[in-house]
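Here's the structure, in structure tokens; my notes come after.
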Amino acid sequence: MTLTLTSSRRAGRELVECADVAAGLDRLSDAVGRNPRACVALGRLLRQTAALDVEAGLAAEAAVYSMLLGGSEFARWRAERPVRPVVSSERPFVRVGRAGERLDVVLDNPDRRNALSMRMRESLLEALQLAELDPSIGQVEMRGAGPVFCSGGDLDEFGIATDLVAAYLVRLERAPWRIIDRLRDRVTARVHGGCIGAGIEMAAFAGRVIAAPGTFFQLPEIGMGLVPGAGGTVSVVRRIGRWRAGWMMLTGERIDAETAVRWGLVDQVDRVDPATPEFCGRRDA
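As numbered in this note's numbering, residues 37 to 321 make up the sequence shown, in order.
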């Protein structure tokens with residue numbers, strides 16, 4: 037994969053804006069030096085997903101992600117990170133409400149920055165299946181409770197799968213982002229705070245993404261020896277092209293809301309209030 041960096045803010049999507057081109061090249065070199073296998077896998081994957089339909093692209097992503105779970109680079113990342121037990125909770129991690137034809141879907145585990153755990157993923161899948169099955173739902177609005185929209189996958193669950201084939205199949209069949217894509221003309225994602233990993237990967241499937249001022253976006257998976265695994269190699273590429281997507285994924289660099297709207301990662305920067313416990317179903321939201 038070839039990336040061309042430029043300091044111009046008027047560059048087309050095949051070029052990557054970078055205020056300091058020399059520093060940008062150093063970041064790319066560091067990323068490849070630390071996790072060369074994940075970087076090569078990502079480059080080849082992005083060439084594929086740019087030319088595939090959504091279902092085929094997600095299948096390709098799931099295969100590469102599951103392969104890298106068994107790799108030495110991910111094993112090193114896990115070994116360097118303190119192991120914390122997965123904390124169980126009985127409270128719902130996704131809240132759903134109805135206001136007329138609008139379905140409100142709120143990621144609601146603010147103590148964990150709305151990290152996408154297996155439980156949250158399953159609850160989100162159920163909520164979106166409801167919207168897909170009910171033709172009277174004309175709009176779906178996704179928000180996050182607390183300081184951020186979503187901090188990405190739950191790191192405490194990374195690597196706990198012992199059967200990588202099963203993990204691949206789950207990633208194919210239990211992926212809520214597949215439904216977001218099928219419903220995209222009805223879905224608005226209102227994001228705020230941080231939109232990391234799965235947070236922006238999922239949101240990018242929505243037909244409309246509105247970001248609060250100050251929101252940042254980041255794809256850090258290469259630093260873990262992985263590739264994005266929540267549809268980002270499809271959704272982000274579709275919005276900003278594989279070159280800028282590749283830059284975000286290889287470097288893990290944060291981009292701000294203004295850059296995101298200029299690139300097309302989001303559609304609008306506007307006020308987005310974090311969802312409160314009373315939000316779901318409110319008609320004036």
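Ideal placement from N, C-alpha and C gives every residue a C-beta, glycine not left out.
Nearest residue (CA-CA) to residue i, options the options
i: A55; options: L41, I196, S271; result: L41
i: Y204; options: A98, G106, R73; result: A98
i: W283; options: R45, L78, A181; result: L78
i: C347; options: S172, T198, L255; result: A query on residue 347 cannot be resolved here, the shown segment of the chain reaching from 37 to 321 and no further.
i: I173; options: L88, D147, G136, R149; result: G136
i: G189; options: R214, E168, V201, G268; result: G268
i: R46; options: T295, D303, A266; result: T295
i: S271; options: A92, V76, T198; result: A92
i: F194; options: A87, G265, A86; result: G265
i: D221; options: I236, A234, G243, R214; result: G243
In DSSP terms, what residue i is bridged to
i: Q84; result: According to DSSP, which records beta bridges pairwise, Q84 is partnered with nothing at all.
i: V52; result: L41
i: Q175; result: R138
i: Q165; result: DSSP, once it has assigned bridges, lists no residue as partnering Q165.
i: R148; result: Looking at the DSSP assignment, R148 forms no beta bridge with any residue, so it has no partner.
i: F253; result: C231, I291
i: T224; result: E177, R244
i: L61; result: Partner(s): none; L61 has no beta bridge.
i: L143; result: V130, G180
i: V297; result: Its beta-bridge partners do not exist; DSSP assigns none.
i: G189; result: L152
i: V201; result: In the DSSP output, where bridge partners are listed per residue, V201 has none listed.
i: V305; result: A247
Cβ neighbour criterion (16 or more within 10 Å) applied to residue i
i: R319; result: Because R319 carries a pLDDT of 44, less than 50, the predicted location of this residue cannot be relied on, and the following value inherits that uncertainty. R319 is exposed by the Cβ-count criterion.
i: R179; result: buried
i: I196; result: exposed
i: G69; result: exposed
i: G48; result: exposed
i: R157; result: buried
i: T224; result: buried
i: T38; result: exposed
i: D66; result: exposed
i: E53; result: buried
i: V1; result: Outside the displayed span of the chain (37 to 321) sits residue 1, for which this structure offers no information.
i: T85; result: buried
i: S43; result: exposed
i: P118; result: exposed
i: L64; result: buried
i: A202; result: exposed
i: A87; result: exposed
Under 8 Å between C-beta atoms of residue i and residue j
i: L208; j: A293; result: no
i: A111; j: I258; result: no
i: R298; j: D192; result: no
i: L152; j: V263; result: no
i: R290; j: F241; result: no
i: R210; j: L161; result: yes
i: I246; j: Q175; result: no
i: L219; j: E177; result: no
i: E109; j: N71; result: yes
i: L164; j: S102; result: no
Near the ligand SAM: residue i beta-carbon under 7 Å from a heavy atom
i: I196; result: The model on display carries no ligand, and the ligand SAM is accordingly not part of it.
Extract the residue ranges of the alpha helix (DSSP H) inside the region 71–133, only unbroken runs of 4 or more that lie entirely within it. 72–85, 90–105, 108–116
So within the region 261–290, which uninterrupted alpha helix (DSSP H) runs reach at least 4 residues, ignoring any that extend past its ends? 268–287
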